[in-house]
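Colleague: Dropping a structure here in structure tokens format, bear with me for questions.
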Amino acid sequence: MRKNLTQRLLQAVIVLAGVTLLIFVMLRIVPGNPIETMMGEHADAATVARMTAELGLDQPLYIQFFRYISSAVRGDFGTSYSLGKPVSQLMGSAFVNTLILAVFAALFAWIVGIACGICSAMKKNRLPDRLFMGFSLLGISLPVFMAAMFLQYIFAFQLKWVPISGTDSWAGFILPAIALGWNSAGQVAQMTRTTLLETLQEDYIDTARAKGRGPLGVLIHHAFRNAMLPVLTMMTVQFSGLLSGAVITETVFSINGIGRLMVQAISGRDIPLLQGTALLATTVVILGSLLADSLYSVLDPRIRKEG
Amino acid sequence: MNDRTLEVRNLNVTIRTDRREVRPVNDVSLDVLAGSIVGIVGESGCGKSMTARAVMGLLPYSGKVDGGTVRLCGREITALPEKERRKLRGSEISMIFQEPMTSLNPVIKVGKQVEETIRLHTECSREEAKEKTLAMFREVEIPEAETRYHCYPHQLSGGLRQRVMIAMAMVCKPKLLIADEPTTALDVTVEAQILNLLEHLRDAGTSVLIISHNLGVIARVCDYVYVMYAGRIVEQAATEVLFGRPTHPYTRGLFRSVNSLREGSATLETIPGVVPNLFRLPAGCSFSLRCGQCGANCEKNMPELLETEPDHRVRCFLTEKEDAE
Chain A
2 MRKNLTQRLL
12 QAVIVLAGVT
22 LLIFVMLRIV
32 PGNPIETMMG
42 EHADAATVAR
52 MTAELGLDQP
62 LYIQFFRYIS
72 SAVRGDFGTS
82 YSLGKPVSQL
92 MGSAFVNTLI
102 LAVFAALFAW
112 IVGIACGICS
122 AMKKNRLPDR
132 LFMGFSLLGI
142 SLPVFMAAMF
152 LQYIFAFQLK
162 WVPISGTDSW
172 AGFILPAIAL
182 GWNSAGQVAQ
192 MTRTTLLETL
202 QEDYIDTARA
212 KGRGPLGVLI
222 HHAFRNAMLP
232 VLTMMTVQFS
242 GLLSGAVITE
252 TVFSINGIGR
262 LMVQAISGRD
272 IPLLQGTALL
282 ATTVVILGSL
292 LADSLYSVLD
302 PRIRKEG
Chain B
80 MNDRTLEVRN
90 LNVTIRTDRR
100 EVRPVNDVSL
110 DVLAGSIVGI
120 VGESGCGKSM
130 TARAVMGLLP
140 YSGKVDGGTV
150 RLCGREITAL
160 PEKERRKLRG
170 SEISMIFQEP
180 MTSLNPVIKV
190 GKQVEETIRL
200 HTECSREEAK
210 EKTLAMFREV
220 EIPEAETRYH
230 CYPHQLSGGL
240 RQRVMIAMAM
250 VCKPKLLIAD
260 EPTTALDVTV
270 EAQILNLLEH
280 LRDAGTSVLI
290 ISHNLGVIAR
300 VCDYVYVMYA
310 GRIVEQAATE
320 VLFGRPTHPY
330 TRGLFRSVNS
340 LREGSATLET
350 IPGVVPNLFR
360 LPAGCSFSLR
370 CGQCGANCEK
380 NMPELLETEP
390 DHRVRCFLTE
400 KEDAE
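Protein chains in written order, with my numbering: chain A, 2 to 308; chain B, 80 to 404.
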């Protein structure tokens, strides 16, 4: 297990290095000169050349890369061209908002998703099942911006229960969390239902019934934990997806998170900021899948066995 | 009266499929006397497992008992509400299954799984339950009980897993243990050990109903045998009687196929044909399609299960004729 984890961590580092290189190269291949974008159309050639030299963009690519890597390991991701602040500082404050949003969205998705899945499985092919599965399907198929506007219209505009956008108070996170989490909730609900129904066919479920367990006891004590193994993996991956920034949700609800920062970086050809946010998203996803693997082996003794 | 642990009378089980209904258990009556091991033998799909499940109250959702009674120590149990039924399971009647590999929950320690049965049926503390579990492990001869208690199913061999299953079934001292193909998935030496264990349990006062297609297993441990074919009992007798004078053509066919192996004959004797589809049973005797001695009457009418000698019943027109002559 420990050996396995070390191996996985090493792999993660290699993947991260590879992705960094890829992002770095890609940003320099795409057409468009960031300096020109920064200075405006009427900047004279001499100023552009001076700025390019100042930012080190006239150096060969490999030198630029090693400079970037060596300062990145020290936590310095450069200074944003468009916002004029250190990238690490910008990402830090944006990540807090994204984190809060992701935690809320995930809580909503998991609680609602698992509950719907269990109810559906228990009432298979009956009315509650169809209602819950309809709710899930809606979440999966509805684009986030539509779900967002729909929620805004009802709960903020008509009922005025929560603010329509912004993050001045905690209440501001409720609608975006639901809009963002609905999709994940739908996926979790469908998967929970499917795996639960599959698990209920297993031989050990018969054994549990034969020893006198009632339907609820069988479900909770015997089926649930086995059924949740694949669902758990999915939830961890979902969470890292939520953490790496929700571009549309953050835009619709004016939340200053990683997603919005990324959009800003792209439209402003802000290479340091774009690099930083892309790297952050990658790290979060890699850590997420690492966590999923470790959790799986904690919950399933058959995987745990190799010392 | 109460020397019968289990008394099944005219039991019918119906399973509803999309449009039609089939009856995998048809008019089955059987007794398990206290302190005996009784066997049900037959090919796959003959209804033996379905009979056991009906007795347990664990029929699949599409199946139901429609007609007949099941008495456990004189008490009718088919009409009991599900909640009452549940209380009997694991405490009065227990069941072990064919596949010890998949019959244990893979993510729960085996000790805990045995303990669960105790805690479902008796009020006792964790420590007491653990004590009882360990005592039961020793009784079913699981070596190093304390260590095994903390094992997960995948860490145990097939034989040990079946012992754990038996421990789980026996820990509340049920009156009846139903063993559905208990040794089919095990190798022969382990099979012998498990059968010894079942005999030991019988001697300790639990009646056992064994379901098997293996005549060797039946001969080895059973006191009384029922032969099932296509949902019906076709022959029943004490083990020595049945093995000494098998009478129904189906039973004789089963024995011939085993004996041809034993006598080292070059070809394996078989019963021609396959078990009939329950949707398309012949009008008369269910075995008529495969029977070498099938007469005109056999194709039209279902014979009764009649006594040919004291406590030996056969469902066949041929034996009836012999009696008449």
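Just so you know, even glycine gets a beta-carbon here, dropped at the ideal spot from N, CA and C.
From a predicted model like this one, the values you see are computed outputs, not experimental measurements.
Using the C-alpha atoms, what's the distance from I187/B back to I287/A?
Modeller: 30 Å
Colleague: Applying the criterion that 16 or more other CB atoms from any shown protein chain within 10 Å of the CB defines a buried residue, is Q372/B buried or exposed?
Modeller: exposed
Colleague: Between which two residues does the beta strand (DSSP E) containing R102/B stretch?
Modeller: R102/B -> beta strand (DSSP E) spans E100 to L112.
Colleague: Hey, would you say V296/B sits closer than 8 Å to T262/B, going by beta carbons?
Modeller: yes
Colleague: Quick check: the Cα distance between G258/A and F96/A, rounded to an integer number of angstroms?
Modeller: In this structure, the alpha-carbon of G258/A lies about 6 Å from that of F96/A.
Colleague: For C203/B and N227/A, I'd like the C-alpha separation in whole angstroms.
Modeller: 27 Å
Colleague: According to the neighbour-count rule (16 or more other Cβ atoms, all chains shown, within 10 Å of its Cβ), is T398/B buried or exposed?
Modeller: buried
Colleague: When the Cα atoms are used, what is the spatial distance from M92/A to L138/A?
Modeller: 34 Å
Colleague: Ignoring anything shorter than 4 residues or poking outside the region 78–129 of chain A, list the alpha helix (DSSP H) runs there in chain order.
Modeller: Runs of the alpha helix (DSSP H) inside the region 78–129 of chain A: 88–123.
Colleague: Kindly list, in the order they appear in chain B, the residues whose Cβ is closer than 8 Å to that of D301/A.
Modeller: P185 and V186
Colleague: What are the start and end residues of each continuous alpha helix (DSSP H) run of 4 or more residues lying completely inside the region 124–210 of chain A, in chain order?
Modeller: 128–142, 145–152 and 175–200
Colleague: Residue ranges of each alpha helix (DSSP H) run of no fewer than 4 residues wholly in the region 251–292 of chain A, ordered along the chain?
Modeller: 259–268
Colleague: Quick one, which of R98/B, Y303/B and D259/B has its alpha-carbon nearest D207/A's?
Modeller: D259/B
Colleague: Just checking, does the region 275–293 of chain B make contact with the region 110–128 of chain B on the three C-beta pairs under 8 Å criterion?
Modeller: yes
Colleague: Can you list, in chain order, the residues of its chain whose CB lies under 7 Å from that of S367/B, leaving out five sequence neighbours each side?
Modeller: P361, C373, C377 and E378
Colleague: My guess is that N91/B and R102/B are in contact by the Cβ rule of under 8 Å, so how many angstroms apart are they, rounded?
Modeller: Sure, about 6 Å apart at Cβ, within 8 Å.
Colleague: Could you tell me whether the Cβ of G169/B comes closer than 8 Å to any Cβ of chain A?
Modeller: Yes, G169/B lies at the interface with chain A (some Cβ there is under 8 Å from its Cβ).
Colleague: For R98/B, is the classification buried or exposed, using 16 other Cβ atoms within 10 angstroms of its Cβ as the cut-off for buried?
Modeller: exposed
Colleague: Looking at the unbroken beta strand (DSSP E) that takes in V92/B, where does it start and where does it end?
Modeller: R83 to R95
Colleague: Return no unless some Cβ of chain B is closer than 8 Å to the Cβ of A211/A.
Modeller: yes
Colleague: Look up E386/B in the DSSP assignment and say whether it is helix, strand or coil.
Modeller: strand
Colleague: Under a CB-based cut-off of 8 Å, is R242/B close to chain A?
Modeller: no
Colleague: Is the number of C-beta pairs between the region 186–201 of chain A and the region 118–136 of chain A that are closer than 8 Å three or more?
Modeller: In the pairwise beta carbon analysis, the region 186–201 of chain A is classified as touching the region 118–136 of chain A: at least three pairs are separated by under 8 Å.
Colleague: Can you say whether G308/A is buried or exposed, counting buried as having 16 or more other CB atoms within 10 angstroms of its CB?
Modeller: Any answer about G308/A is weak, because its pLDDT of 39 lies below 50 and its placement is not dependable; what the coordinates show is given next. Label assigned to G308/A: exposed.
Colleague: Can you name the residues that DSSP bridges to A258/B?
Modeller: I175/B and I289/B
Colleague: Rounded to a whole number of angstroms, what is the C-alpha to C-alpha distance between E203/A and F174/A?
Modeller: In a straight line, the C-alpha of E203/A is about 42 Å away from that of F174/A.
Colleague: What does DSSP give as the partner residue(s) for E155/B in the beta ladder?
Modeller: Answer is R150/B, bridged to E155/B.
Colleague: Within this structure, are the beta carbons of G167/A and S268/A separated by less than 8 Å?
Modeller: no
Colleague: Going along chain A, which residues have a C-beta under 7 Å from E207/B?
Modeller: Going along chain A, no residue has its Cβ under 7 Å from E207/B, so there is no contact; the nearest lies around 18 Å.
Colleague: Do P179/B and Y231/B come within 8 Å of each other at the CB atom, strictly closer than that value?
Modeller: no
Colleague: Please report the distance separating the alpha-carbon of T318/B from that of L213/B.
Modeller: Computed Cα separation, rounded: 35 Å.
Colleague: Tell me whether the region 214–221 of chain B and the region 231–239 of chain A touch, counting them as touching only if at least three CB pairs, one residue from each stretch, are closer than 8 Å.
Modeller: no
Colleague: Is there at least one Cβ from chain A nearer than 8 Å to L199/B's Cβ?
Modeller: yes
Colleague: So if I threshold CB-CB distances at 8 Å, which residues from the region 104–126 of chain B count as touching chain A?
Modeller: none
Colleague: Could you tell me which chain A residues have their CB closer than 8 Å to the CB of S182/B, listed as they occur along the chain?
Modeller: D204, Y205, D207 and T208
Colleague: Answer yes or no: does any C-beta atom of chain A fall closer than 8 Å to that of L239/B?
Modeller: With respect to chain A, the C-beta atom of L239/B has no partner C-beta closer than 8 Å.
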